[in-house]
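Undergrad:
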Amino acid sequence: MPRGDRYRNAEHLPNLRAGRRAPPAATLPRQRRGTTPQMVGRYPDYDVMDSAHTWDAATRRVVEARLRPRPGRRFFSDDEADTARALCDTVTAQDRDPRIPVMLMVDEKLADRRFDGYRYEDMPDDDQTWRLVLRGLDEVAQRRYGAPFARCAEDAREAICEQFSRGVLQGRVFDQLNCKRAWTVVTRAILAEFYSHPWAWNEIGFGGPAYPRGYMRLGEGLREPHARPEAVHDDPVRELTPPAP
Amino acid sequence: MSTALAGLLKGSRRPRDNDSAWLLDPQRRGVPNRDRMRHYDDSDEVDLCIVGAGAGGSVLAQRLARRGWRIVVLESGPFWNPDEDWVSDEAGSHQLYWTETRVVGGQDPVELGKNNSGHGVGGSMVHFAGYAPRFHPSDFRTRSQDGVGYDWPISYRDLKKHYEAIERELPVAGQHWPWGEPHSYPHSPHPVSGMAARVWKGALRMGIEMRVGPVAITNGVMGNRPHCIYRGFCLQGCKVDAKASPLITHLPDAIEHGVEVRAESRAIRVEVDDADRATGVVYIDRRSGERRMQRAASVAVAGYSIETSRLLLLSTSARFPNGLCNNEDQVGRYVMVQGAPQVAGRFPDEIHPYKGPPPEVSSEQFYETDETRGFARGFSLQTVGGLPIGWAEHVLADGHWGQALREYMRDFNHWAVMGVLCELLPLPNNRVTLADEKDAYGMPVAHMAYTQCDNDRRNIAYARELMRQLWLQAEAQDVLAIDRYAHLIGGCRMGFGPDDSVCDADHTTWAVRNLFIADGSCCPTQGSANPALTIMALASRLAERLGSRSISFQRAAWRSGRQRAVAAA
Ligand SMILES: Cc1cc2nc3c(=O)[nH]c(=O)nc-3n(C[C@H](O)[C@H](O)[C@H](O)COP(=O)(O)OP(=O)(O)OC[C@H]3O[C@@H](n4cnc5c(N)ncnc54)[C@H](O)[C@@H]3O)c2cc1C
Ligand code: SF4
Numbered sequence: 005m006p007r008g009d010r011y012r013n014a015e016h017l018p019n020l021r022a023g024r025r026a027p028p029a030a031t032l033p034r035q036r037r038g039t040t041p042q043m044v045g046r047y048p049d050y051d052v053m054d055s056a057h058t059w060d061a062a063t064r065r066v067v068e069a070r071l072r073p074r075p076g077r078r079f080f081s082d083d084e085a086d087t088a089r090a091l092c093d094t095v096t097a098q099d100r101d102p103r104i105p106v107m108l109m110v111d112e113k114l115a116d117r118r119f120d121g122y123r124y125e126d127m128p129d130d131d132q133t134w135r136l137v138l139r140g141l142d143e144v145a146q147r148r149y150g151a152p153f154a155r156c157a158e159d160a161r162e163a164i165c166e167q168f169s170r171g172v173l174q175g176r177v178f179d180q181l182n183c184k185r186a187w188t189v190v191t192r193a194i195l196a197e198f199y200s201h202p203w204a205w206n207e208i209g210f211g212g213p214a215y216p217r218g219y220m221r222l223g224e225g226l227r228e229p230h231a232r233p234e235a236v237h238d239d240p241v242r243e244l245t246p247p248a249p
Numbered sequence: 082m083s084t085a086l087a088g089l090l091k092g093s094r095r096p097r098d099n100d101s102a103w104l105l106d107p108q109r110r111g112v113p114n115r116d117r118m119r120h121y122d123d124s125d126e127v128d129l130c131i132v133g134a135g136a137g138g139s140v141l142a143q144r145l146a147r148r149g150w151r152i153v154v155l156e157s158g159p160f161w162n163p164d165e166d167w168v169s170d171e172a173g174s175h176q177l178y179w180t181e182t183r184v185v186g187g188q189d190p191v192e193l194g195k196n197n198s199g200h201g202v203g204g205s206m207v208h209f210a211g212y213a214p215r216f217h218p219s220d221f222r223t224r225s226q227d228g229v230g231y232d233w234p235i236s237y238r239d240l241k242k243h244y245e246a247i248e249r250e251l252p253v254a255g256q257h258w259p260w261g262e263p264h265s266y267p268h269s270p271h272p273v274s275g276m277a278a279r280v281w282k283g284a285l286r287m288g289i290e291m292r293v294g295p296v297a298i299t300n301g302v303m304g305n306r307p308h309c310i311y312r313g314f315c316l317q318g319c320k321v322d323a324k325a326s327p328l329i330t331h332l333p334d335a336i337e338h339g340v341e342v343r344a345e346s347r348a349i350r351v352e353v354d355d356a357d358r359a360t361g362v363v364y365i366d367r368r369s370g371e372r373r374m375q376r377a378a379s380v381a382v383a384g385y386s387i388e389t390s391r392l393l394l395l396s397t398s399a400r401f402p403n404g405l406c407n408n409e410d411q412v413g414r415y416v417m418v419q420g421a422p423q424v425a426g427r428f429p430d431e432i433h434p435y436k437g438p439p440p441e442v443s444s445e446q447f448y449e450t451d452e453t454r455g456f457a458r459g460f461s462l463q464t465v466g467g468l469p470i471g472w473a474e475h476v477l478a479d480g481h482w483g484q485a486l487r488e489y490m491r492d493f494n495h496w497a498v499m500g501v502l503c504e505l506l507p508l509p510n511n512r513v514t515l516a517d518e519k520d521a522y523g524m525p526v527a528h529m530a531y532t533q534c535d536n537d538r539r540n541i542a543y544a545r546e547l548m549r550q551l552w553l554q555a556e557a558q559d560v561l562a563i564d565r566y567a568h569l570i571g572g573c574r575m576g577f578g579p580d581d582s583v584c585d586a587d588h589t590t591w592a593v594r595n596l597f598i599a600d601g602s603c604c605p606t607q608g609s610a611n612p613a614l615t616i617m618a619l620a621s622r623l624a625e626r627l628g629s630r631s632i633s634f635q636r637a638a639w640r641s642g643r644q645r646a647v648a649a650a
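Taken in order, these protein sequences are the chains called S and B. 5 is the number of the first residue of the first sequence in my numbering; add one for each residue after it. 82 is the number of the first residue of the second sequence in my numbering; add one for each residue after it.
#1: Give the residues of chain B in contact with His16 (chain S), contact being defined as C-beta atoms less than 7 Å apart.
#2: What does DSSP give as the partner residues of Glu371 (chain B) in its beta bridges?
#3: Name the DSSP bridge partner or partners of Asp51 (chain S)?
#4: From the DSSP output, which residues share a beta bridge with Cys315 (chain B)?
#5: Run through the DSSP bridge pairs and tell me what Ser461 (chain B) is partnered with.
#6: Let me make sure I understand the geometry here. Which of B:Leu105, B:Glu126, B:Val154 has the alpha-carbon closest to that of Asn162 (chain B)?
#7: I'd like the span of the alpha helix (DSSP H) that includes Leu332 (chain B), first residue to last.
#8: Quick one: Cα of Gln607 (chain B) to Cα of Pro272 (chain B), how far?
#9: What residue range is occupied by the uninterrupted beta strand (DSSP E) comprising Cys130 (chain B)?
#10: Decide yes or no for the touch test of the stretch 456-467 of chain B against the stretch 14-34 of chain S: beta carbon pairs closer than 8 Å, at least 3 of them.
#11: Just list the residues that DSSP pairs Phe597 (chain B) with in beta bridges.
#12: Give the DSSP bridge partners of Glu341 (chain B), in chain order.
#13: Evaluate Pro333 (chain B) with the Cβ neighbour count: other Cβ atoms within 10 Å of its Cβ, from every protein chain shown; 16 or more gives buried, anything less gives exposed.
#14: What residues are listed by DSSP as bridge partners for Leu515 (chain B)?
#15: Using a cut-off of 9 Å between C-beta atoms, extract the partners of Arg24 (chain S) located in chain B.
#16: Kindly list the residues whose CB is nearer than 7 Å to the CB of Gln554 (chain B), restricted to its own chain and excluding five residues on each side of it in sequence; keep chain order.
#17: Any idea which residues DSSP pairs Phe456 (chain B) with across the strands?
#18: Under 8 Å between C-beta atoms, does Val106 (chain S) make it to chain B?
#19: Just to confirm, are Glu171 (chain B) and Ser55 (chain S) a CB contact at a threshold of 8 Å?
#20: Pick out whichever of S:Gly175, S:Asp159, S:Val106, S:Gly171 has its Cα sitting closest to the Cα of Arg139 (chain S).
#21: Identify each residue in the stretch 337-354 of chain B for which the Cβ-Cβ distance to at least one residue of chain S is less than 7 Å, and report them in chain order.
#22: Measure the CB-CB distance between Ala344 (chain B) and Glu474 (chain B) and report whether it falls below 8 Å.
#23: Cβ of Tyr474 (chain B) versus every heavy atom of ligand 1: is any distance shorter than 7 Å?
#24: Is Glu68 (chain S) close to chain B? Criterion is C-beta to C-beta, closer than 8 Å.
#25: Which stretch, first to last residue, makes up the beta strand (DSSP E) that contains Ala425 (chain B)?
#26: Would Met220 (chain S) be called buried (16 or more neighbouring beta carbons within 10 Å of its own) or exposed?
#27: Check whether the Cβ of Arg306 (chain B) lies closer than 7 Å to any heavy atom of ligand 2, and answer yes or no.
#28: Can you tell me whether Ala115 (chain S) is helix, strand or coil according to DSSP?
#29: Compare the C-alpha of Ala325 (chain B) against each of B:Phe597, B:Ser631, B:Gly211 and name the closest.
#30: Given Asp129 (chain S), which residues of its chain have a CB within under 8 Å of its CB, disregarding the five upstream and five downstream residues?
#31: Grab the span of the beta strand (DSSP E) containing Ile235 (chain B) for me, first residue to last.
#32: Is Leu394 (chain B) near ligand 1 - that is, is its Cβ less than 7 Å away from at least one heavy atom of it?
#33: Of all Cβ atoms in chain B, is any one closer than 8 Å to the Cβ of Glu162 (chain S)?
#34: Compute the distance between the beta-carbons of Leu395 (chain B) and Val112 (chain B), then report whether it is under 8 Å.
#35: Which residue comes first and which comes last in the alpha helix (DSSP H) that contains His208 (chain B)?
#36: Interface residues of chain B around Phe80 (chain S) at Cβ under 9 Å?
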């Protein structure tokens, strides 16, 4: 395969793989510049923050604030925080550092009551839904694995989330809660925080805020002068080293 | 005008009777003449009090101000200063949307919030995508032509010259338009992004014709509005002033002609006297929490579909125990959305879906009824944007989370996204009512019930499958789909009588003859066109009718306003 073509075919996409599962994390390219969650990424030499000096002041303030240490927790209790962190990290597959502090970001949003503008008639407000979900997850985990959700092994947490996503969890809490809708309430909040973080933008090669600079190369396959190419298939260093005799 | 001549004049014709683009400050965004804005006392009976500074309310104010009307616009949200208040960032744009709780129900509930309505001077167009198509002539008579929906009491002819005027004011850029009534646009089509080029290729292989535009984005300079810089944050508010919103297209001119736009003012009640005449609007000054009332000789409500109905329902009295104009139980009914599933296709090359404005190319080839498809009316096909949070919601909706989601997210730059707008039919039980829950001011919040009918379901399923086929024809390597809705309309529709509508062909409510519905609420159907241009054109027509005194009540109010002005001088 010629260099740079690793992702031209789509063999890495879950829909085209057995069990709709992603390729193993160990096969992913490592980030060389900037930070990405778990230091994996498709653009090893791209750091969106390199462009921060080209952004307008208002945007820069908002984005840079996401990189600073989060203020203390205000919404989740200690017990809830453990479960919430485990849920956030399972949904976003954050299995090691560096991690985007999704739980703290959600905590801030809920404490400020920054809701999305609607509530299903059969659901409580989003903050109550969160508390119920966390209680429900612990209840299911205790019943099945004899430990709270946060202390279950990764595959146990994933198995619970898989049923949660299909809306089929049962128990004292989930019998009273529209499980499928609860899943969308919590996952949308989690993903909105995760993908607002510049580390996630590095991982996926998003250009970031582009005002006032804008874009000038619109066509397919074209790249802005400051953008970086996707990861290459082979390691250039190894390639240049002559094979041992 | 001949097409050739129109082509030659593209981008060079200045709008008539609207100097907004020339009033703007080239160095700062937003409304420059705010510091010399006129102020009216609450007790000063103005000629017209408008609730809502959005698409409908702003055009109405601008037009009538030029005819000497004394107008106050009450707007619940802030008066935006785009340089400071808006950011090029998805999560940071939360405050642009109407995010106070609304309760949603029915069998197919509509998720509101960022996808539906705005809050602040400029209304929802501040964060609208920017598509600006006209309705088709058929949209105004679907009942008699297609046997579904409702006939409007006005026709395309009544709106045509207002469409042309607004297209010049926004301005709209695009190729010559072959669908509906064929027409051309004042600005040339924009260059297309990699994503739009992909959609175009797929469409060609399917025998689907597409056109570039129509988008309310300057292509070239207009007055002090610059060219688009293709940065793709149209749904987060255009910090460039290239994309149209009333904040820059109508309010500067309105303010120059004496309109007061009173921000942070939440209307909670339209006051009506014993003779069933509106006498003013009760509102809460959100900064002080104070309850006040602006007196007015006439009132126009333009708070968009949900809030307009809610305001009428909140305005109860002995004569109107179930809400103003609701003695016939019509307020809040026939509220509509469009079915808006999106399907993304994966390609070997990097496409960079975040570059360029989300609205790029579209097709109305499927707009009209085709009996072979098995349902009445149709849909339009459009490109949509790709930003990380939106893309994550898309991937999640297809059932991926955890490592699988991360993998699709890393693949972001290889995806092109396409969407449709399916015309969904007006149904009486799709309705805005009041919920038990109260807002921060003690007012019951809106409840919106929504259930699709069979025709709606067939339309959406057909359109979704067509998009999938299009991507497969285009040799997409994988596809991901999400079901969603877009665009609110209706709730206080215009019609032929009080038993099945709230207002007449002149937007005048049947029950209160100096009360007007001036926003998207008045539309009886939505077609598969994005609604903002039509909402503005309707407000422009209403202003013409009021200003030329074609609406009978208004003669007296207009005179009384004039007489007061003369007496005061
Ligand atoms: C994400 C998104 C994308 C869109 N894309 C497109 C598109 O591409 N093309 C298109 O044509 N349309 C689009 N739309 C829809 C379009 O923006 C709206 O249809 C249009 O702006 C509605 O106009 P309006 O005058 O009815 O209401 P609005 O423009 O919403 O104005 C209503 C105003 O009234 C205020 N208000 C409400 N209640 C009160 C009250 N009680 N007191 C005081 N003020 C009040 C609100 O704060 C708001 O500012 C989009 C909408 C969204 C949300
Ligand atoms: S893409 Fe163009 S119209 Fe859209 S926000 Fe950017 S500059 Fe404005």
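Every residue gets a Cβ at the ideal spot worked out from N, C-alpha and C, and that includes glycine.
TA: Taking the coordinates as given:
#1: Here residue 16 (chain S) refers to the residue found at position 12 when the first sequence is read from its first residue. Within 7 Å Cβ-Cβ: Glu488.
#2: Indexing the second sequence from 1 puts residue 371 (chain B) at position 290. Partner(s): B:Asp366.
#3: Counted from its first residue, the first sequence places residue 51 (chain S) at position 47. Asp51 (chain S) is not bridged to any residue.
#4: As a working mapping, residue 315 (chain B) is identified with position 234 in the second sequence. None, per the DSSP bridge assignment.
#5: Reading the second sequence from its first residue, position 380 is the one you call residue 461 (chain B). Ser461 (chain B) pairs with B:Leu502.
#6: Here residue 162 (chain B) corresponds to residue number 81 of the second sequence, with the count starting at 1. For Asn162 (chain B), the nearest C-alpha among the options comes from B:Leu105.
#7: As a working mapping, residue 332 (chain B) is identified with position 251 in the second sequence. Membership of Leu332 (chain B) in the alpha helix (DSSP H) is indicated by the continuous run 332-337.
#8: Numbered from its first residue, the second sequence carries residue 607 (chain B) at position 526. Numbered from its first residue, the second sequence carries residue 272 (chain B) at position 191. Spanning the two alpha carbons is a distance of roughly 29 Å.
#9: What you label residue 130 (chain B) is simply residue 49 of the second sequence in a count that begins at 1. Looking at the DSSP string, the run of the beta strand (DSSP E) that includes Cys130 (chain B) is 129-132.
#10: No, because fewer than three Cβ pairs between the stretch 456-467 of chain B and the stretch 14-34 of chain S fall closer than 8 Å, the two stretches do not touch.
#11: On the second sequence, position 516 is the one that residue 597 (chain B) refers to. In DSSP, Phe597 (chain B) forms a bridge with B:Ala381, B:Thr589.
#12: Numbered from 1 along the second sequence, position 260 holds the residue referred to as residue 341 (chain B). Answer is B:Val153.
#13: By 1-based counting over the second sequence, the position of residue 333 (chain B) is 252. Label assigned to Pro333 (chain B): buried.
#14: Sequence index remark: in the second sequence, residue 515 (chain B) carries index 434 (1-based). Note: Leu515 (chain B) sits in a beta bridge opposite B:Ala527.
#15: Here residue 24 (chain S) refers to the residue found at position 20 when the first sequence is read from its first residue. Within chain B, the residues near Arg24 (chain S) are Gly480, His481, Ala485.
#16: For this step, residue 554 (chain B) is matched to residue 473 along the second sequence. Cβ within range, chain order: Gly283, Arg286, Met287.
#17: Within the second sequence, numbered from 1, the residue matching residue 456 (chain B) stands at position 375. As a beta-bridge residue in DSSP terms, Phe456 (chain B) pairs with B:Asp451.
#18: Locating residue 106 (chain S) in the first sequence gives position 102, counting from the first residue. Look at Val106 (chain S): its C-beta is not under 8 Å from any C-beta on chain B.
#19: Taking the second sequence and counting its residues from 1, one reaches residue 171 (chain B) at position 90. Taking the first sequence and counting its residues from 1, one reaches residue 55 (chain S) at position 51. Between Glu171 (chain B) and Ser55 (chain S), the C-beta spacing is not below 8 Å.
#20: Mapped onto the first sequence, residue 139 (chain S) falls at position 135. Looking at the Cα atoms, S:Gly175 is the closest of the given residues.
#21: Identification of residues in the stretch 337-354 of chain B having a C-beta nearer than 7 Å to some C-beta of chain S yields an empty set.
#22: Numbered from 1 along the second sequence, position 263 holds the residue referred to as residue 344 (chain B). Numbered from 1 along the second sequence, position 393 holds the residue referred to as residue 474 (chain B). For Ala344 (chain B) and Glu474 (chain B), no; Cβs fall outside 8 Å.
#23: Here the question's residue 474 (chain B) lines up with position 393 in the second sequence. Here residue 474 (chain B) turns out to be Glu, not Tyr, going by the sequence shown. Checking the Cβ of Glu474 (chain B) against ligand 1 gives no.
#24: Residue 68 (chain S) sits at position 64 when you count from the first residue of the first sequence. No, Glu68 (chain S) lies away from the interface with chain B (no Cβ there is under 8 Å from its Cβ).
#25: Residue 425 (chain B) sits at position 344 when you count from the first residue of the second sequence. Counting along the chain, the unbroken beta strand (DSSP E) around Ala425 (chain B) starts and ends at 423-427.
#26: The residue given as residue 220 (chain S) occupies position 216 in the first sequence. Classification of Met220 (chain S): exposed, given that the 10 Å Cβ count is below 16.
#27: To locate residue 306 (chain B), count along the second sequence from 1; it is residue 225. Flag unset: Cβ of Arg306 (chain B) not near ligand 2.
#28: Working through the first sequence from its first residue, we reach residue 115 (chain S) at position 111. Note: Ala115 (chain S) maps to helix in three-state DSSP.
#29: To locate residue 325 (chain B), count along the second sequence from 1; it is residue 244. Of the candidates B:Phe597, B:Ser631, B:Gly211, the one whose C-alpha sits nearest the C-alpha of Ala325 (chain B) is B:Gly211.
#30: The sequence position of residue 129 (chain S) within the first sequence is 125, counting from 1. Closer than 8 Å at Cβ, skipping near neighbours: Phe119, Arg123.
#31: Numbered from its first residue, the second sequence carries residue 235 (chain B) at position 154. Segment: none, Ile235 (chain B) is in no beta strand (DSSP E) and carries neither H nor E.
#32: Here residue 394 (chain B) refers to the residue found at position 313 of the second sequence. Every heavy atom of ligand 1 is 7 Å or more from the Cβ of Leu394 (chain B), so no.
#33: Mapped onto the first sequence, residue 162 (chain S) falls at position 158. Yes - at least one Cβ of chain B is within 8 Å of the one on Glu162 (chain S).
#34: Stepping through the second sequence from its first residue, residue 395 (chain B) is reached at position 314. Stepping through the second sequence from its first residue, residue 112 (chain B) is reached at position 31. Contact flag unset, no.
#35: Residue numbering aside, residue 208 (chain B) sits at position 127 when the second sequence is read from its first letter. Here His208 (chain B) belongs to no alpha helix (DSSP H), and DSSP marks it neither H nor E.
#36: Here the question's residue 80 (chain S) lines up with position 76 in the first sequence. Below the 9 Å Cβ cutoff, chain B contributes no neighbours of Phe80 (chain S), its closest Cβ being approximately 20 Å away.
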